[in-house]
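Going by numbering that gives the first Met the number 0, the first residue of the sequence shown is number 0, and it counts up by one from there.
These notes concern the structure reproduced below.
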Amino acid sequence: MNYRFKTGQDLLELCYEHNLSIGEIALMREAQASNMSKEEVYNLMLESYKVMKESAQKGIITSEDSMGKLIGHNAKKMYDYYRMGESIASGMLSKAIAYSLAITEENSRMGKIVACPTAGACGVVPAVLNALEEDREIDEKKIVMALFNASAIGLIIATYASISGAEGGCQAEVGSASAMAASAVVELLGGSPRASLEGAAIALKNMLGLVCDPVAGLVEVPCSKRNAGGVGNAITAAEMALAGIESFVPFDQVVVTMGRVGKMLPSSLRETAQGGLAITKAAKEYTQRD
Numbered sequence: 000m001n002y003r004f005k006t007g008q009d010l011l012e013l014c015y016e017h018n019l020s021i022g023e024i025a026l027m028r029e030a031q032a033s034n035m036s037k038e039e040v041y042n043l044m045l046e047s048y049k050v051m052k053e054s055a056q057k058g059i060i061t062s063e064d065s066m067g068k069l070i071g072h073n074a075k076k077m078y079d080y081y082r083m084g085e086s087i088a089s090g091m092l093s094k095a096i097a098y099s100l101a102i103t104e105e106n107s108r109m110g111k112i113v114a115c116p117t118a119g120a121c122g123v124v125p126a127v128l129n130a131l132e133e134d135r136e137i138d139e140k141k142i143v144m145a146l147f148n149a150s151a152i153g154l155i156i157a158t159y160a161s162i163s164g165a166e167g168g169c170q171a172e173v174g175s176a177s178a179m180a181a182s183a184v185v186e187l188l189g190g191s192p193r194a195s196l197e198g199a200a201i202a203l204k205n206m207l208g209l210v211c212d213p214v215a216g217l218v219e220v221p222c223s224k225r226n227a228g229g230v231g232n233a234i235t236a237a238e239m240a241l242a243g244i245e246s247f248v249p250f251d252q253v254v255v256t257m258g259r260v261g262k263m264l265p266s267s268l269r270e271t272a273q274g275g276l277a278i279t280k281a282a283k284e285y286t287q288r289d
């Protein structure tokens with residue numbers, strides 16, 4: 000049995016042909032492609048999820064500077080604020096924001112993270128799933144399968160567009176991560192494979208054109224807070240998809256469009272630190288410091 004897929008439509012057809020979820024199809028595909036057993040592939044993803052959770056927990060208890068000293072203090076502030084119970088958002092969203100900041104700060108301290116799908120966007124998928132696991136007391140096995148769902152979305156985006164900020168701007172990094180998280184959440188909370196793709200399409204549409212303009216070329220500002228924004232976008236998109244709201248433009252077409260938009264962005268807005276926030280007065284003063 001061949002579980003390979005290239006597009007979202009291919010993926011849907013496999014899901015409905017075999018009566019399997021996106022996560023299950025992705026697991027089967029990886030087992031075939033790597034010539035490993037399903038158990039071996041599952042255990043590798045489980046290990047990745049453990050690293051994700053560890054990076055979140057390390058990040059919320061430390062206020063050490065990042066390598067560039069631009070971030071490193073916000074995750075603990077956000078987590079402490081969440082624990083006060085006075086957040087204007089839901090508790091789950093506040094915690095997810097804290098975790099996203101924590102993981103990106105760990106990355107900028109050269110700590111151990113999972114690039115999901117990239118180091119620059121490492122905080123979105125883990126933060127959403129970790130916070131949801133704790134908030135809803137979801138079995139860890141279901142979270143791992145949701146990560147396989149996210150991997151399928153990331154694979155399609157990487158094939159037909161990009162997950163690289165240097166190639167497609169931050170829409171390709173945080174935008175892709177947000178789409179992956181949205182799809183994973185929909186499956187995790189009982190949505191259909193089609194609803195998962197609707198969530199991914201909505202999330203990616205919301206971030207079309209997002210530029211990559213890191214201050215001093217470091218993956219710190221505005222990257223860390225953009226991950227937090229990607230968390231909010233993913234949850235919003237998943238909520239809409241679970242409510243039955245569909246994307247007018249199908250997922251596959253959104254992905255191709257994102258790839259086109261990335262090519263239209265000038266090089267100054269694709270990770271070169273030559274445009275956007277990277278050339279503001281504040282950024283220039285930082286880069287010119289002793």
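For every residue, glycine included, the Cβ atom is placed at its ideal position computed from N, Cα and C.
request  = Please confirm if the stretch 94-111 is in contact with the stretch 152-162, defined as three or more CB-CB distances below 8 Å between the two stretches.
outcome  = no
query = Would residue 16 be called buried (16 or more neighbouring beta carbons within 10 Å of its own) or exposed?
reply = exposed
query = How is the alpha helix (DSSP H) around residue 136 delimited, first residue to last?
reply = Residue 136 -> no alpha helix (DSSP H), and no H or E assigned at all.
key: Same chain, Cβ closer than 8 Å to residue 137, five either side skipped, listed in chain order   = 131 and 187
query = Using the rule of at least 16 other Cβ atoms within 10 Å of the residue's Cβ for burial, across every protein chain shown, is residue 162 buried or exposed?
reply = buried
query = What's the C-alpha gap between residue 46 and residue 40?
reply = 10 Å
ask   = Who does residue 269 pair with in a DSSP beta bridge?
value = 211
key: Distance CB(residue 177)-CB(residue 25) smaller than 8 Å   = no
request  = Report the three-state DSSP secondary structure of residue 287 (helix, strand or coil).
outcome  = coil
message = Below 8 Å on the Cβ atoms is my contact criterion, and I expect residue 199 with residue 142 to pass it. Report the Cβ-Cβ distance as a whole number of Å.
response = 18 Å between Cβ atoms; not a contact.
CB contact flag (residue 120, residue 213, <8 Å) = no
query = residue 96 by DSSP, collapsed to three states: which one?
reply = helix
key: Residue closest to residue 222, alpha-carbon to alpha-carbon, out of 211, 14 and 231   = 211
task = Can you tell me which of 180, 2, 164 and 144 puts its alpha carbon nearest to the alpha carbon of residue 262?
result = 164
request  = Could you tell me the boundaries of the alpha helix (DSSP H) in which residue 68 lies?
outcome  = Counting along the chain, residue 68 falls outside any alpha helix (DSSP H), and DSSP gives it neither H nor E.
message = With a threshold of 8 Å on Cβ separation, who are the neighbours of residue 204 within its own chain once the five nearest residues in sequence on each side are excluded?
response = 246, 248 and 253
request  = Assign residue 76 to one of two classes, buried (16 or more other C-beta atoms within 10 Å of its C-beta) or exposed (fewer than that).
outcome  = exposed
Contact under 8 Å by Cβ, residue 218 with residue 62 = no
ask   = Rounded to a whole number of angstroms, what is the C-alpha to C-alpha distance between residue 215 and residue 19?
value = 46 Å
ask   = How about residue 275 and residue 268: do their beta carbons lie closer than 8 Å?
value = yes
query = When DSSP labels each residue in this structure, what does residue 279 get in the three-state scheme?
reply = coil
ask   = Does the Cβ-Cβ distance between residue 182 and residue 195 come in under 8 Å?
value = yes
inquiry  = Am I right that residue 11 and residue 231 are in contact with their C-beta atoms under 8 Å? What's the rounded C-beta distance?
reply    = At roughly 27 Å, the Cβ-Cβ gap does not stay under 8 Å, so residue 11 and residue 231 are not in contact.
query = Between the Cα of residue 68 and the Cα atoms of 139, 243, 38 and 105, which residue gives the shortest distance?
reply = 105
task = Whole angstroms is fine: what's the gap from residue 185's alpha carbon to residue 87's?
result = 23 Å
query = In whole angstroms, what separates the C-alpha of residue 238 from that of residue 81?
reply = 21 Å
request  = Express the C-alpha separation of residue 58 and residue 111 in angstroms, rounding to a whole number.
outcome  = 11 Å
query = Buried or exposed: which applies to residue 3, given that a residue is buried once 16 or more other Cβ atoms fall within 10 Å of its Cβ?
reply = exposed
Residue 108 (DSSP reduced to helix, strand or coil) = coil
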